[in-house]
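Okay, structure first, notes after.
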Amino acid sequence: MSEVTFINVVEVDPSKQAEVIKLLQEGTEKVISKRPGFISVTLLASKDGSRVVNIAKWKSITDVQATQADPASAEYAKRTMALAKVNPGIYDIVGHYSD
1 MSEVTFINVV EVDPSKQAEV IKLLQEGTEK VISKRPGFIS VTLLASKDGS
51 RVVNIAKWKS ITDVQATQAD PASAEYAKRT MALAKVNPGI YDIVGHYSD
């Protein structure tokens with residue numbers, strides 16, 4: 001199995017961006033980072049306050065799917081969906097360029 005990247009673009013009212021960020025940080029610290037296959041999470045906040053991007057790297061797609069099925073993880077997802085529109089997807093790395 002090869003490493004995969006889970007990306008969730010969260011569309012949010014700018015007045016709720018900080019609340020969504022806090023919720024994603026809490027979920028990552030308490031649940032996601034403890035799951036088998038977890039590699040890393042990067043959270044990005046748009047300057048206009050309308051989006052938060054969650055980029056999570058995992059050892060395999062199986063690890064992502066097992067985490068999504070975990071009740072504690074699902075509860076954080078549900079809480080996020082109550083505040084914002086989520087657009088999750090699982091991606092393969094097809095190019096990486098750096099200096």
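Positions 1 to 99 (full-length UniProt numbering) are the ones given, in order, by the sequence shown.
Ideal Cβ positions, reconstructed from N, Cα and C, are used throughout, including at glycine.
Residue interval of the beta strand (DSSP E) (run including residue i)
i: V53; result: R51 to W58
i: V64; result: V64 -> not in any beta strand (DSSP E); alpha helix (DSSP H) instead, spanning I61 to A69.
i: I39; result: F38 to A45
i: residue 147; result: Past the edges of the chain, shown from 1 to 99, lies residue 147, and the structure says nothing about it.
Three-state secondary structure (DSSP) of residue i
i: G89; result: strand
i: V20; result: helix
i: E75; result: helix
For residue j and residue i, the rounded distance between their alpha carbons
i: residue 102; j: I90; result: Here the chain covers residues 1 to 99 and nothing more, so residue 102 does not appear.
Same chain, Cβ closer than 7 Å to residue i, five either side skipped, listed in chain order
i: V86; result: N8, V10 and T80
Chain-order list of residues whose beta-carbon lies under 6 Å from that of residue i (same chain, five-residue window excluded)
i: I55; result: I7 and T42
Beta-carbon proximity list for residue i, same chain, < 8 Å, skipping 5 on both sides
i: R35; result: D63, A66, T67, D70 and S73
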